[in-house]
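So that you can map any letter, position 113 of the sequence shown is 173 in the working numbering, and since no number is skipped, the others follow by simple counting. The beta-carbon is built from N, C-alpha and C at its ideal position, and this holds for glycine as well.
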Amino acid sequence: PMDGKGSGFRVVPMDGKGFGVVAEKTFDAGDLVYQEAPLIMWNVEDATKTQLLNLVAAIAVLLSVFLLVAFNAVGFTPLPLAAAAAFALRRRELGMPEELQEQYEQLSSEEQDQLKGLSDCSSGEKTMMGILRT
61 PMDGKGSGFR VVPMDGKGFG VVAEKTFDAG DLVYQEAPLI MWNVEDATKT QLLNLVAAIA
121 VLLSVFLLVA FNAVGFTPLP LAAAAAFALR RRELGMPEEL QEQYEQLSSE EQDQLKGLSD
181 CSSGEKTMMG ILRT
């Protein structure tokens, strides 16, 4: 845990802003202040893949709605509607790429709670992808 004991800094509550790190000594340029292993590793390629899959899911849903309206008059439900709905529901269920989901599931419950406690700068409901993008 990041307690700062003996490291030249301390973690203190900041009015209206959560917690902050305050130096207790002068640090020189290049000094290592704190180091820890990441809980989850994610790269730009993963982010791009996620955005592309979300776009494909949105297009599939829109196309399916259009087809449903077009074929509704004859009482026929187009196959793409079922496929798009399944795809969109699967994307929403995971909320993040499979690679990240696997890493998340390998964390202890304490580490998962630490990750869930981080900030999400996106608007709307707090999500794991919002936390990871912050």
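| Item | Value |
| --- | --- |
| Segment limits, beta strand (DSSP E) that includes methionine 74 | 69-74 |
| Alpha-carbon to alpha-carbon, glycine 80 and methionine 74 | 6 angstroms |
| Exposed unless 16 or more other CB atoms sit within 10 angstroms - verdict on serine 124 | buried |
| Outcome for leucine 160 when other beta-carbon atoms lying within 10 angstroms are tallied against a minimum of 16 | buried |
| Residue of Ser182, Met189, Val93 minimising C-alpha distance to tyrosine 164 | Met189 |
| Supposed contact pair alanine 83 and phenylalanine 199 - C-beta distance, whole angstroms, cut 8 angstroms | A question about residue 199 goes unanswered here, because the residues of the chain that appear run from 61 up to 194. |
| Contact under 8 angstroms by Cβ, threonine 194 with leucine 175 | no |
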